[in-house]
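Under our numbering, the sequence shown is numbered contiguously, ending at residue 421.
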Amino acid sequence: MKVSLSAVSLALALCACATPETTGYPSLAPRPVEKLGFAEPAAPEAKPVVADPALDAAIAAARAKLASGKTAFDAAADRAGSAARTAKGAAAGSEPWIEAQTRLATLDSLRADTSLVVTDLEQQAIVRATALEPAYPALETLRGEAAAQADDQAKRIATLQAQLAPL
């Protein structure tokens, strides 16, 4: 039985090899897509920027918010700088140190307001990009200015924080 089973299996395997190929072998010739080349396609023409009164109003409001935030931050930074100079060398937890930390917390709050404006401007840019609209120059300019203002504020806070004793 074993001999006949293995003989039948061998016969079936040989029969499978003898059947004609119906699908054929794939061609080794270049495919049409391979003939196109690797050059970058031409960039589409940039769409002209259309004035957006609603966006212009939002940009003006954001610019005003940034200006008032800068004024408030600068005044608070002067007070925090004075408190940090007073607390310089004081032990952590002392009254001057606590006063300086409180002033720094105020600065952090004002910097967060600036960061919120940056986030709003970035969100407006994302909405435009999602709609495949071209970059709005006034929005991009203000977004860069706002990000620079937020970075400057963070650096000023870090400088003042470095003057104080660590916890």
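Using N, Cα and C, we set each Cβ at its ideal position, and we do this for glycine too.
- Item | Beta-carbon proximity of residue 345 to residue 421, cut-off 7 Å | no
- Message: If you follow the alpha helix (DSSP H) that residue 294 is in, where does it begin and where does it stop?
- Response: It is not in any alpha helix (DSSP H) - residue 294 carries neither H nor E in the DSSP assignment.
- Query: Would the segment 303-323 and the segment 392-405 be scored as touching if the rule is three or more Cβ pairs under 8 Å?
  - Reply: yes
- Among 357, 343, 380, 404, nearest to residue 372 - alpha-carbon criterion: 404
- Proximity winner among 355, 326, 324, relative to residue 425 (alpha-carbon distances): Any property of residue 425 remains undetermined from this structure, which presents the chain solely from 255 to 421.
- Whole alpha helix (DSSP H) elements within the segment 295-361, 4-residue minimum: 307-341
- Task: Report the option in 321, 295, 349 whose CA atom is closest to the CA atom of residue 418.
- Result: 349
- Query: Are there 16 or more other CB atoms within 10 angstroms of the CB of residue 380, so buried, or fewer, so exposed?
  - Reply: exposed
- Item | Member of 393, 364, 352 whose CA lies at the smallest distance from the CA of residue 328 | 364
- Limits of the alpha helix (DSSP H) - the one that residue 415 falls within: 391-416
- Would residue 325 be called buried (16 or more neighbouring beta carbons within 10 Å of its own) or exposed? exposed
- Query: How many whole angstroms separate the CB atoms of residue 378 and residue 393, which I take to be in contact at a CB cut-off of 8 Å?
  - Reply: 6 Å
- Query: CA-CA distance, residue 369 and residue 307?
  - Reply: 24 Å
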